[in-house]
Amino acid sequence: MDHIGIDVHKKESQICMLAEGGELIEERIRTAPERFAAVLGQRPRARILLEASTDSEWVARCLERLGHEVIVADPNFAPMYATRTRKVKTDRRDARALADACLLGPYRPAHRLSDPQRHVRGRLTVRDAVVRTRTRYLSLIRALLRQRGYVVPSGSAEAFVPWVATLTLPGQLLSTIAPLLAIMRHLNAQLAYSDRTITLLATHDERGQRLRTVPSIGPVTATAFVATLDDVQRFRDAPSSRGVPRPRAARTQLR
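Positions 1 to 255 (the working numbering) are the ones given, in order, by the sequence shown.
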């Protein structure tokens, strides 16, 4: 079996192939599905090692569809690069080190999220970005109002825009904050939609339902916790699927 290391980057990737017969093949290609298919699609089944990164999952799935065995490795596992020369770091040397690690075995596989939890994480990431954007605009509007002597009461972000609408503001100030108020109305609607969707996801997940029985744990926190753990069996000291508790020495004491 051939052993291949791929140093994946956004635009171009470096490939290093250690053929079964001892041949060394190195090639730099554009990071695109059609280029991976052109270079590796007709080759016999090989074991391929690449680092976990933003692009690693779609690249791994692309290579698996071509019939190869793919290992996505933890980039923080130092022994994986033990054979790399101490000279200046280059993509070519990284790809060769990955190919050597693929052949010799000094790597630590990274956890690859299941499709459902990958989708959930995407929704949580988008929601977090919207919340941060709304918070930034809310703080700016508050500051502009305070500069004109308006006392801004504390309260929920959803109630802020209706509260501002009750104020009799000077035309110049109102025209200044009007774009931000319009954006906040839209953000509030989008957040309400995200919260409804995440609540539905938590309702249909048994683990999320159990977590929500804990005081102060809502659907977003429960869903984020489940999405982060994904498959608890990937941890070495996890309880077995049959419900057998862990040995007492392995338990974590919570105080």
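Where a beta carbon is used, it is the ideal one built from N, C-alpha and C, also for glycine.
Computed from a predicted structure; not experimentally measured.
- Ranked by Cα distance from Ser-156, the options Gln-147, Ile-177, Met-184 and Tyr-193 are led by Met-184.
- DSSP, reduced to helix, strand and coil, places Glu-69 within a strand of the structure shown.
- The alpha-carbon of Arg-61 is positioned some 20 angstroms away from that of Met-1.
- Closest option to Arg-148, judged by alpha-carbon separation, among Ala-202, Arg-108, Thr-199 and Pro-170: Pro-170.
- When only Cα atoms are considered, Ala-129 and Val-152 end up about 25 angstroms apart.
- Look at the region 195 to 229 and you find these whole runs of alpha helix (DSSP H), each 4 residues long or longer: 206 to 211 and 219 to 229.
- Within the same chain, Cβ atoms closer than 7 angstroms to the Cβ of Ala-222 are found at Ala-202, Gly-208, Leu-211 and Arg-212, the five residues on either side in sequence being excluded.
- When secondary structure is reduced to three states using DSSP, His-3 falls in the strand class.
- Each residue's CA atom was taken as its position, placing Thr-90 and Leu-66 some 27 angstroms apart.
- Pro-170 sits in coil when the DSSP states are folded into three classes, being neither helix nor strand.
- A Cβ-Cβ contact shorter than 8 angstroms links Ala-99 with Ile-4.
- Sorting Thr-133, Val-120 and Leu-180 by C-alpha distance to the C-alpha of Leu-145 places Leu-180 at the top.
- If you draw a straight line from the Cα of Ser-216 to the Cα of Trp-163, it is about 27 angstroms long.
- Under the three-state reduction of DSSP, Ser-139 is assigned to helix.
- DSSP places Glu-27 in no alpha helix (DSSP H) but in the uninterrupted beta strand (DSSP E) bounded by 24 to 30.
- The criterion of a C-beta distance shorter than 8 angstroms is not satisfied by Thr-83 and Ala-73.
- Nearest Cα to Asp-230 within the set Val-59, Ile-141, Ser-114 and Ala-32: Ser-114.
- Cβ-Cβ distances below 8 angstroms link Pro-44 to Met-1 and Asp-2 in the same chain, with the five nearest sequence neighbours on each side left out; the list follows chain order.
- The beta-carbon separation of Ala-224 and Leu-124, rounded to 5 angstroms, stays under the 8 angstroms limit for a contact.
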